[in-house]
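*Asks:*
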Amino acid sequence: MFAGQVAGRGVVSIDHDGGLRTTYQPLALTVTAGDQVYRGQMLGTLAAGHPGCPEPACLHFGVRRGEEYVDPLALIGEPSEIRLKPWEGD
Numbered sequence: 001m002f003a004g005q006v007a008g009r010g011v012v013s014i015d016h017d018g019g020l021r022t023t024y025q026p027l028a029l030t031v032t033a034g035d036q037v038y039r040g041q042m043l044g045t046l047a048a049g050h051p052g053c054p055e056p057a058c059l060h061f062g063v064r065r066g067e068e069y070v071d072p073l074a075l076i077g078e079p080s081e082i083r084l085k086p087w088e089g090d
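Under UniProt numbering, think of the first position of the sequence shown as 1, with each following residue one higher.
1. Just grab the DSSP bridge partners of H60 for me.
2. Measuring alpha carbon to alpha carbon, tell me which residue in H16, V11 and G34 is nearest A28.
3. In the DSSP assignment, what residue or residues form a beta bridge with Q5?
4. Please list the terminal residues of the continuous alpha helix (DSSP H) segment that includes L75.
5. Have a look at S13 and R21 and give me their C-alpha separation to the nearest angstrom.
6. With 16 as the cutoff for other CB atoms within 10 Å, does Y24 come out buried or exposed?
7. Which same chain residues, not among the five before or five after F61, have their C-beta less than 8 Å away from its C-beta?
8. How is D15 classed by DSSP in three states: helix, strand or coil?
9. Below 8 Å CB to CB, which residues in the same chain sit around D35 once its five sequence neighbours on both sides are set aside?
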């Protein structure tokens, strides 16, 4: 498990069974690198006021399987397509 600063933002990356890695940012961290973490454990609090988010605070949540990025919503029961802009269609 990685926990630290990347480009001035608090980041946590967790390696899971099956080759998955989840990453969460920007956080004010409550864990440190190498900690054993558990499902439901608080990793930190959401840091507000970073560039690139239209809201006062937003969570960036990513998932990789090996070196390939996968849709994180598909893993938590909300299958979707990864899109860069709104899609209008049937």
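The C-beta atom is built at its ideal place from N, Cα and C for all residues, glycine as well. As the structure is a prediction and not an experimental result, all values here were calculated from the model.
*Replies:* The short version:
1. Locating residue 60 in the sequence shown gives position 60, counting from the first residue. Its beta-bridge partners are Q25.
2. Along the sequence shown, one-based indexing puts residue 28 at 28. It is V11.
3. For this step, residue 5 is matched to residue 5 along the sequence shown. Q5 is bridged to G10.
4. Taking the sequence shown and counting its residues from 1, one reaches residue 75 at position 75. That run of the alpha helix (DSSP H) goes P72 to L75.
5. One-based indexing of the sequence shown puts residue 13 at position 13. One-based indexing of the sequence shown puts residue 21 at position 21. Roughly 7 Å separates the two Cα atoms.
6. Taking the first residue of the sequence shown as position 1, residue 24 is located at position 24. Y24 comes out buried.
7. For the purposes of this step, residue 61 is taken as the residue at position 61 of the sequence shown. These residues qualify, in order along the chain: T22, T23, Y24 and P72.
8. Translated into the one-based positions of the sequence shown, residue 15 becomes position 15. It is a strand residue.
9. As a working note, residue 35 is residue 35 in the sequence shown. The residues are M1 and A3.
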